[in-house]
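Reading through the structure tokens given below for one structure.
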Amino acid sequence: MGIPHLLTHLQPYAVDHPLPGTSLIIDGPSLAYHIWHLCSRSQDAQPSHALLVKSCIAWLEALQRNGAEITAIYFDGFLPPSKRPVRMDRLLKTTLKLRALHQTNPGSCPEQYVAELDDATAGFRKASDHRREPAHIPAFLVPAIIEGLRASDFGLVLHLVPGEADVYCAQHALERGGCIATTDSDLLVHDLGSGSVIMFWSLEVLTPDDGSTPAQTLSTPRFTPADIAKRLKIDPAKGGLRRFAYELSHSPNASLPKIVDTCGKPVAKPAAFESWCRPYAPLAVGMMIEAKGYAGHLGEHLDPRVSEMALQAISLTDRILPVTFSNERREISPEEPSIFLPTLLDCPARTSAWQESLYVREAALTVFHSCYPPRWDHAREFRRTLNVASKGTKIRIIDPHQSLPKLLDVLVDILDNTSTTMGNHPEFILVAHLQLDKLYFENAAETVKIFFGDAGQDKLLSSVRDFLSRPKSSVSPTDWTTVHLAAQLQATYYSWRFFAQILPLVRPAYHPAERYSQLLFKLQTHLDKRLPPLTEYPTPSSTIETLHRLEAAGLIPKISGSGPATPESTGKKRKQEKKKAEPAAKTRRVSSNPFDLLSEE
């Protein structure tokens with residue numbers, strides 16, 4: 001991130017300041033990746049999501065103990081289309097890195113990618129510390145830290161904003177002053193007024209010269225853009241430090257005196273300079289107020305990716321964020337919304353681990369668009385890519401008037417039945433999902449076909465049953481089969497999390513007495529009570545133990561056929577079940593069999 005060489009040129013103009021008394025504005029994504037680096041010193045294991053969350057909270061608490069006041073923590077809730085090339089480039093690099101890992105280790109995944117570290121304590125980095133590039137970015141790094149911070153005292157100052165976090169950090173500093181903590185040098189280009197910037201990686205632990213041992217005091221070089229521009233004699237009327245960064249971006253090898261000299265002359269291409277400066281412009285009047293309303297209401301429970309998907313619906317943004325999206329409405333409301341899914345550690349030789357839970361996300365999008373027109377016919381998911389020009393994977397959005405009430409009936413019925421069997425069992429959602437998969441193999445009602453779409457045989461239940469057919473002694477956490485299955489489980493849990501977070505966005509659109517609203521309420525109640533936190537998502541090691549334990553308890557369904565039953569056989573089966581289930585009286589009762597619900601006209 002940032003403009004190459006900008007910090008190198010400006011480092012001599014940073015002024016060392018102790019932290020006590022500092023009002024800190026935290027760039028949330030930068031914080032998450034900084035904590036990841038702090039926890040990634042081990043060469044033998046990856047930091048677990050639980051360790052990352054615990055370390056993040058401990059690190060922020062240490063800043064407070066050293067006298068800093070954390071006034072706000074901002075996280076991205078939406079990235080504009082202009083960021084698409086950067087995102088695609090990162091996705092390509094991650095995909096190529098995963099492919100190279102598999103090609104180098106075709107037999108099994110290296111243990112350091114699979115083993116997790118839970119008991120390390122993140123400390124403050126010293127300049128002498130060696131910073132290695134960690135093996136693999138945890139799939140749910142940012143959302144896990146957001147989830148953990150929301151449950152802590154820091155939840156009061158956490159804001160998921162309808163845009164990029166750095167822009168809102170800069171606006172906060174401009175309006176109220178303070179010091180932004182980040183790893184992104186781009187923040188030096190924003191108009192911060194009297195505000196300043198510190199880099200996470202520059203924090204140092206200071207000890208007093210007299211040998212006493214009071215509480216540790218943190219100090220760090222502080223960049224104040226307005227002061228630096230003044231010391232460099234760059235006229236604010238000619239762009240100040242923003243002009244310096246612009247000239248540097250076009251002449252990255254130029255010396256500092258040369259760049260400063262250029263800044264004293266008229267801009268060679270005024271239109272190009274104006275366009276380059278646009279992303280760094282202060283927010284329009286009213287946008288901070290809208291952001292606070294969004295962060296404190298709709299966005300307070302959302303994952304960043306759910307937030308980004310929702311904010312591509314023009315009917316929603318028109319209603320709650322009219323100022324924020326007024327100038328970019330056409331650009332940010334494409335005919336096909338884009339969803340960038342977390343990058344899982346799965347086997348690149350196989351179909352993406354996201355495929356088996358696709359129908360859950362399709363159902364979630366269908367529910368969302370049932371009340372936020374104009375309705376999209378499809379969306380685009382980005383999982384892996386070998387081409388930055390890729391358009392992603394096209395996913396359906398089912399016609400909500402066609403079968404949505406029946407689908408919700410099926411989902412609620414499955415969850416009700418699973419609740420009767422399992423209560424609040426930790427693997428409740430997994431078992432319920434496997435029961436849904438079973439419908440695919442044993443029922444061919446039209447609603448099932450619509451629900452499962454063209455997913456074919458890619459079902460989690462198939463993968464689980466294949467895995468359990470192998471002798472337990474022959475499986476290992478480092479087997480690519482195990483690694484991939486663990487990723488499939490993670491994707492399944494996250495897809496239901498995606499669905500659960502959409503429900504509060506749509507329920508207010510319906511009257512509580514409506515059948516549809518009641519089904520949504522039941523569905524949300526089940527998911528809210530039983531979805532595990534991101535820190536408890538399956539790992540390759542836990543996947544082996546969990547699946548064998550569930551199998552021993554008889555909780556994993558068996559597949560009675562190799563695929564969906566034929567319509568004729570399914571019809572006979574339904575008639576037989578109906579005849580057995582109905583009493584002699586004509587009074588109809590509610591069936592607990594999801595097959596009956598699916599066959600209703």
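Residues in the sequence shown are numbered from 1 upward in steps of one, following UniProt numbering. Backbone N, C-alpha and C define an ideal beta-carbon position, used for all residues, glycine too.
When DSSP builds the beta bridges, which residues end up paired with Thr393?
Glu381
Per-residue burial, Ser352 [other beta carbons within 10 Å of its own, 16 or more giving buried]
buried
Classify Arg549: buried if its beta carbon has 16 or more other beta carbons within 10 angstroms, exposed otherwise.
exposed
Exposed or buried, which one is Ser82 when buried takes at least 16 other CB atoms within 10 Å?
exposed
Glu514: buried (16+ other C-beta within 10 angstroms of its C-beta) or exposed?
exposed
Nearest CA to the CA of Lys438: which residue from Ile556, His369, Val157 and Trp59?
Ile556
Whole-angstrom distance between His136 and Leu407, CA atom to CA atom:
37 Å
One question on the structure: do residue 610 and Gly2 come within less than 7 Å of each other, judged by their Cβ atoms?
Because the chain spans 1 through 601 in this model, residue 610 falls outside it and cannot be assessed.
What's the call for Arg274, buried or exposed, on a 16-neighbour Cβ count within 10 Å?
A small fix is needed here, since residue 274 is Glu in this sequence, not Arg. Exposed, by the Cβ-count rule.
Cα-Cα separation, Ser48 to Lys394:
32 Å
To the nearest angstrom, how far is the alpha carbon of Gly563 from that of Lys459?
Interpretation of Gly563 is limited by its pLDDT of 47, a score under 50 that renders its predicted location unreliable; the figure taken from the coordinates is listed afterwards. Spanning the two alpha carbons is a distance of roughly 11 Å.
Using C-beta distances below 8 Å, list every residue in its chain close to Leu468, excluding the 5 sequence neighbours before and after it, in chain order.
Leu547, His548, Glu551 and Ile556
Along the chain, where does the beta strand (DSSP E) containing Tyr74 start, and where does it finish?
Glu69 to Asp76
Determine the extent of the beta strand (DSSP E) in which Phe340 is found, giving its start and end residues.
Ser338 to Phe340
Leu141: which of Ser249, Val53 and Asp16 sits nearest, CA to CA?
Val53
Should Gly195 go down as buried or exposed, given a rule of 16 or more other Cβ atoms within 10 Å for buried?
buried
C-alpha distance - Glu577 paired with Ser463, whole-angstrom precision:
Any reading at Glu577 needs caution, since the residue's pLDDT is 40, under 50, leaving its predicted position unreliable; the model's value is listed next. Answer to the nearest angstrom: the Cα atoms are 29 Å apart.
So Thr8 is in the alpha helix (DSSP H); what residue range does that whole segment cover?
Leu6 to Leu10
Any Cβ of chain B within less than 7 Å of the Cβ of Ala379?
The displayed structure is made up of one protein chain only, and chain B is not part of it.
Mind checking who Pro47 pairs with in its DSSP beta bridge?
Leu117
Which residue's Cα is closest to the Cα of Gly178: Thr324, Ala72, Ala229 and Ser419?
Ala72
Look at the Cβ atom of Thr95, then the Cβ atom of Arg380, and state whether they are nearer than 7 Å.
no
In chain order, what residues of the same chain have a beta carbon less than 8 Å from the beta carbon of Ile70, not counting five sequence neighbours either side?
Leu24, Ile26, Leu60, Leu63, Gln64, Phe154 and Val157
Just to confirm my understanding: we take residue 602, look at its own chain, exclude 5 residues before and 5 after, and list those with CB closer than 8 Å. What are they?
Past the edges of the chain, shown from 1 to 601, lies residue 602, and the structure says nothing about it.
Measuring alpha carbon to alpha carbon, tell me which of Leu256, Arg319 and Ala50 ends up nearest Leu505.
Arg319
Below 8 Å on the Cβ atoms is my guess for Ile429 versus Trp496; work out the distance and round it to an integer in Å.
5 Å
Shortest alpha-carbon distance to Ala254 belongs to which of Thr8, His17, Gly554 and Leu38?
Thr8
Arg530 classed as buried or exposed, judged by whether at least 16 other C-beta atoms fall within 10 angstroms
buried
Residue nearest to residue 652 in terms of C-alpha spacing, selected from Ala486, Leu436 and Pro533
In this structure the chain extends from 1 to 601, so residue 652 is not present and cannot be described.
CA-to-CA distance, Leu241 to Thr213, given in whole angstroms
Low per-residue confidence applies at Thr213: pLDDT is 44, beneath 50, and the placement is therefore not dependable enough to give any value.
Let me confirm a value: Gly299 is counted as buried when at least 16 other C-beta atoms fall within 10 Å, else exposed. Which label applies?
buried
Three-pair Cβ contact test at 8 Å for the segment 467–487 versus the segment 104–113:
yes
Taking just the CA atoms, how far does Ala349 sit from Leu92?
16 Å
So, do the segment 218–234 and the segment 11–20 have three or more beta carbon pairs nearer to each other than 8 Å?
yes
Which residues bound the beta strand (DSSP E) around Ile35?
Per DSSP, Ile35 belongs to no beta strand (DSSP E); it is in the alpha helix (DSSP H), Gly28 to Leu38.
Val86 versus Ala181, Ser251 and Val388, residue with shortest Cα-Cα distance:
Val388
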